[in-house]
Amino acid sequence: MFYREAGQYKTTYEADSAIFPIRQERFAFWTFLVIAFVVVPLTASPYLFSAILIPFLILALAAIGLNILTGYAGQLSLGSAAFMAVGAFASYNFVLRVPGIPLLVAFGCGGLSAAAVGILFGLPSLRIRGFYLAVATLAAQFFIVWCLTKIGWFTNYSASGVITAQALVILGYTFDTPRAKYLLVLTIVALMALAAKNMARSNTGRKWMAVRDMDVAAEVIGIRLMSSKLLAFAVSSFYCGVAGALYAYAYLGTVEPEAYNLDLSFRILFMIIIGGMGTILGSFLGAAFIVLTPILLNIFVHTFAQSLPSSVSSNLEPMVFGGMIIYFLVVEPHGLARLWQIGKEKLRLWPFPH
Amino acid sequence: MQFFFEVLIGGLLSGVMYSLVALGFVLIYKASGVFNFAQGSMVFFAALTFVGLLEKGLGFWLALPATLAVMIVLGLVIERIVLRPLINQPQITLFMATIGLSFFIEGLAQLMWGANVRGLELGIQDEPLQWVSDVAGVNVSKFDLVAAGIAAVLVSTLAIFFSRTRIGRALRAVADDHQAALAVGIPLQQIWGIVWAVAGAVALVAGLLWGARNGVQFALTFVALKALPVLILGGFESIPGAVVGGLIVGASEKLAEVYVGPYVGGGIEGWFPYVLALLFLLVRPEGLFGEKIIRRI
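Structural data, given as structure tokens:
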């Protein structure tokens, strides 16, 4: 009743190709943005910013990156954390070695470096596919982290390998409070998510989806496999690289190879599977799920199961986490974004059955 | 030259251990097309259960069948609870489910038996064989040799099981085409149950040998990561491939560590097999013994 498009006529091409064609959706979207940009910064506590919101946004950005590669272009990758590491370390070195470089430009250069590395490790995708490719991307994961650990130039010959990230200064303003960092991250993520959404709706995105659905058929109708696959790797790695730089500068405050381990790659992959492959919204939902679940589990264990010894509760956490992942996959293999779709369909009829 | 052979043989023998883990992957992939990431956790679970039972006072020959039973039950339960509801889902969904499963199994294992590192004594010394050192001047560990022997027995048993028995034929039929197998009356779910149970048994063997070698600890789960390059070298569907791939990976990584490692700062064992497998895939995209899939529209 409240969610139907009856009477909303599309009279221009612009209206026809809008991201949110229905007025209620536009309204909801703008309300959401206002909440994210105005209400949340005014009300949230520093803990909420630095423990939940900032990692959520950054990991959502990385998930968008992986979603471009895996969800849209169909190339399974287990090395996203490595591309994040490239982005972080490249940004660090650009800031360190190029005097006077603006930080955002350094982030961009970090992303571009990650894109270059991504293309390099994407080359095997022209020959191999499926799980063979997934295992091949593990090569990127281990090799890159090893390089960053062993080659002193990347870490500026720091003895411990853990470097403090430079201060976040943009146009003379220092982003040092959690709130300021949150706003910076939110702005970057919102802009890049918009770009990703538009890319997915454009010619490029349709090419990727054609390659994903059947690459032989895509080739037959004249899509260049090589350029589309490599472009997907480049764009995906760019997103991961920027996310990695933000992860180091806005969340961890340090640049260290160990933060970008295989575990992080898997978490990002979980995000897109649980959120929904091939949707931008799904990247956010999945990131929220993966970031929030361990925290909620922890709170739950501490409030309701205090009598348990810590050895039991620390082992229960991965069990519940793993169990939830399996449960979600069994109940809705297409992810949370699909649930949202179903919910919308229901909402159109509500409260009348027909 | 003698040193070279020593490294080579040591590498080959440790490669056999990789093959053991890879074998579990291959079994499941062959029969159900599932890339079972939880295999490493199953290895860990098996080793921990075995050690735990030993600590409870069971004798070796009692703990072994008990653990085997636990692994078989675990395999059957996984098939029933995780895989059956996910029939017909894309492979990546199944893959993710097995990653979730690996979290679950790791938690369960440590919940049941505690998280401290334990030793495992199989009664085989990890010492060089005297007569080989005397004759050829090369040190070969007794333990490695026994492990290789066990692996050889296991592989031949599985090969015979796959090619000679009724269940084995059914397994191969299922691997070939799920629907066709169903159509001729092969009970798919039973077959999958059997495969997961066998994979559990293989995990037990791998867990015992790896546990005896490195101690029973959480790091056993990373053994699975070592097995992945073996898989892509040998091909996901091939049991001989797992063995040959294991040998290649084991030998080359040890040689690389010894001869190349010092020049680049060491620690290259972690990624060298992957890069090797990657380069190899560029030449043969389906692995050494993998099935060549002809793709058409």
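First to last, the sequence lines map onto chains X and U.
Last residue of the first sequence: 354 (the working numbering), numbering continuous.
Last residue of the second sequence: 297 (the working numbering), numbering continuous.
Just so you know, even glycine gets a beta-carbon here, dropped at the ideal spot from N, CA and C.
It should be emphasised that the depicted structure is a prediction, and the values quoted were computed from it without experimental measurement.
Pull up the distance between the alpha-carbon of residue i and that of residue j, whole angstroms please.
i: asparagine 362/X; j: leucine 233/U; result: Missing from the structure shown is residue 362/X; chain X here goes from 1 to 354 and no further.
i: methionine 319/X; j: alanine 170/U; result: 34 Å
i: valine 291/X; j: isoleucine 35/X; result: 20 Å
i: cysteine 147/X; j: phenylalanine 154/X; result: 9 Å
i: glutamine 75/X; j: lysine 229/X; result: 8 Å
i: tyrosine 327/X; j: leucine 86/U; result: 10 Å
i: leucine 154/U; j: alanine 38/U; result: 20 Å
i: arginine 129/X; j: glycine 100/X; result: 43 Å
i: isoleucine 280/X; j: glycine 59/U; result: 56 Å
i: leucine 301/U; j: glycine 75/U; result: The question about residue 301/U has no answer, for chain U in this structure spans 1 to 297.
i: leucine 186/X; j: glutamine 110/U; result: 39 Å
i: phenylalanine 143/U; j: alanine 251/U; result: 17 Å
i: phenylalanine 284/X; j: alanine 63/X; result: 8 Å
i: valine 95/X; j: glycine 110/X; result: 10 Å
i: isoleucine 269/X; j: leucine 66/X; result: According to the sequence as given, residue 269/X is leucine; it is not isoleucine. Approximately 7 Å, taken between the alpha carbons.
i: leucine 282/U; j: glutamate 237/U; result: 18 Å
i: valine 255/X; j: alanine 248/X; result: 5 Å
i: isoleucine 92/U; j: tyrosine 132/X; result: 12 Å
i: alanine 250/X; j: leucine 279/U; result: 37 Å
i: lysine 226/U; j: phenylalanine 25/U; result: 12 Å
i: serine 202/X; j: valine 216/X; result: 21 Å
i: threonine 204/X; j: aspartate 176/U; result: 36 Å
i: leucine 182/U; j: isoleucine 167/U; result: 14 Å
i: alanine 376/X; j: valine 312/X; result: With chain X represented from 1 up to 354, any question about residue 376/X goes unanswered, as that position is not in the structure.
i: phenylalanine 89/X; j: lysine 344/X; result: 42 Å
i: alanine 159/X; j: glycine 275/X; result: 40 Å
i: alanine 196/X; j: isoleucine 68/X; result: 8 Å
i: glycine 323/X; j: leucine 108/U; result: 11 Å
i: valine 260/U; j: glutamate 269/U; result: 11 Å
i: valine 7/U; j: proline 262/U; result: 15 Å
i: tyrosine 92/X; j: leucine 64/U; result: 54 Å
i: serine 141/U; j: glycine 149/U; result: 12 Å
Give me, in chain order, the residues of the same chain whose beta-carbon lies closer than 6 Å to that of residue i; leave out the 5 immediate sequence neighbours on both sides.
i: tyrosine 3/X; result: Gln24, Leu347 and Arg348
i: leucine 78/X; result: Ala134, Thr137, Leu138 and Ser265
i: glycine 52/U; result: Trp113
i: tryptophan 196/U; result: Gly75, Ile78 and Glu79
i: isoleucine 22/X; result: Glu5
i: serine 237/X; result: Phe83, Ala114, Ala115 and Gly118
i: phenylalanine 233/X; result: Gly118, Ile119 and Gly122
i: phenylalanine 45/U; result: Ile105 and Ala109
i: methionine 277/X; result: Gly71
Per the DSSP calculation, residue i is bridged to which residue(s)?
i: threonine 254/X; result: Thr164/X
i: tyrosine 173/X; result: Ile170/X
i: valine 216/U; result: Arg118/U
Leaving out the 5 sequence neighbours to the left and right, which residues in its chain are closer than 7 Å to residue i when beta-carbon positions are compared?
i: valine 189/X; result: Leu57, Ala60 and Leu61
i: glycine 246/U; result: Gly15, Val16, Tyr18, Ser19, Ala22 and Val230
i: valine 211/X; result: Ala73, Gly74, Ala218, Ile223, Leu225, Ser228 and Lys229
i: tryptophan 192/U; result: Ala31, Ser32, Glu79 and Leu83
i: asparagine 156/X; result: Leu96 and Ile163
i: leucine 101/U; result: Ala38, Ile78 and Val82
i: valine 198/U; result: Leu27
i: serine 41/U; result: Ser102, Ile105, Glu106 and Thr221
CB-CB under 8 Å to residue i, same chain, minus the five flanking residues each way: which ones, in chain order?
i: methionine 317/X; result: Sequence inspection shows glutamate at residue 317/X; the methionine mentioned does not correspond to that position. Excluding residues within five positions, the ones whose Cβ falls inside 8 Å are Pro294, Leu297, Asn298 and Val301.
i: isoleucine 186/U; result: Ala170, Ala173 and Val174
i: valine 98/X; result: Ala106
Determine, using beta carbons only, whether residue i comes closer than 8 Å to chain B.
i: leucine 329/X; result: Looking at the structure shown, chain B is missing, and the protein chains on hand are X and U.
When every heavy atom of the ligand GTP is checked, does at least one fall within less than 7 Å of the C-beta of residue i?
i: proline 90/U; result: The ligand GTP is not part of this structure, which contains no ligands at all.
Could you please tell me which residues of the segment 155 to 189 of chain U, in chain order, have their CB closer than 7 Å to any CB of chain X?
Cβ contacts with chain X come from no residue of the segment 155 to 189 of chain U.
With a floor of 4 residues, list each alpha helix (DSSP H) that falls wholly inside the segment 94 to 138 of chain X, ordered by position along the chain.
As summarised for the segment 94 to 138 of chain X, the continuous alpha helix (DSSP H) elements at least 4 residues long and confined to that stretch are 103 to 122, given in chain order.
Complete runs of the beta strand (DSSP E) confined to the segment 292 to 346 of chain X [at least 3 residues]:
Within the segment 292 to 346 of chain X, no run of beta strand (DSSP E) at least 3 residues long lies entirely inside it.
Residues of the segment 325 to 337 of chain X whose Cβ lies closer than 7 Å to any Cβ of chain U, in chain order:
Residues passing the 7 Å Cβ filter: Ile325, Ile326, Leu329, Val330 and Pro333.
Name, going along the chain, the residues of the segment 270 to 289 of chain U whose beta-carbon falls closer than 8 Å to a beta-carbon of chain X.
Legend: CB atoms of the segment 270 to 289 of chain U lying less than 8 Å from CB atoms of chain X belong to residues Gly270, Trp271, Tyr274, Val275, Ala277, Leu278, Leu281, Leu282, Pro285, Glu286 and Gly287.
Suppose only complete runs of 4+ residues qualify. What are the alpha helix (DSSP H) ranges in the segment 21 to 66 of chain U, listed by chain order?
Counting only runs of 4 or more residues that sit fully inside the segment 21 to 66 of chain U, the alpha helix (DSSP H) segments are 39 to 55, in chain order.
Proximal residues, the segment 64 to 95 of chain U versus chain X, C-beta separation under 9 Å:
For the segment 64 to 95 of chain U, which is checked against every Cβ of chain X, the residues closer than 9 Å are Ile81, Val82, Pro85, Leu86, Gln89, Pro90, Gln91, Ile92, Thr93, Leu94 and Phe95.
Within 7 Å of chain U by C-beta, residues of the segment 144 to 162 of chain X in sequence order
Under the 7 Å Cβ criterion, the segment 144 to 162 of chain X contributes Trp146 and Lys150.
Output needed in chain order: residues of the segment 37 to 63 of chain X with a Cβ under 7 Å from some Cβ in chain U.
Residues of the segment 37 to 63 of chain X that bring their beta carbon within less than 7 Å of a beta carbon in chain U are absent altogether.
When you check each C-beta in the segment 220 to 249 of chain U against every C-beta of chain X, which residues fall closer than 8 Å?
The residues in question are Leu225, Leu228, Pro229, Leu231, Ile232 and Phe236.
At 4 residues or longer, and completely inside the segment 200 to 236 of chain X: list those alpha helix (DSSP H) runs for me, N to C.
List check, alpha helix (DSSP H) in window: 203 to 213 and 215 to 220.
Mind listing which residues of the segment 213 to 236 of chain X have their C-beta closer than 9 Å to chain U's C-betas, in chain order?
For the segment 213 to 236 of chain X, the set of residues with a beta-carbon nearer than 9 Å to any beta-carbon of chain U comprises Met214, Asp215, Val216, Ala217 and Val220, in chain order.
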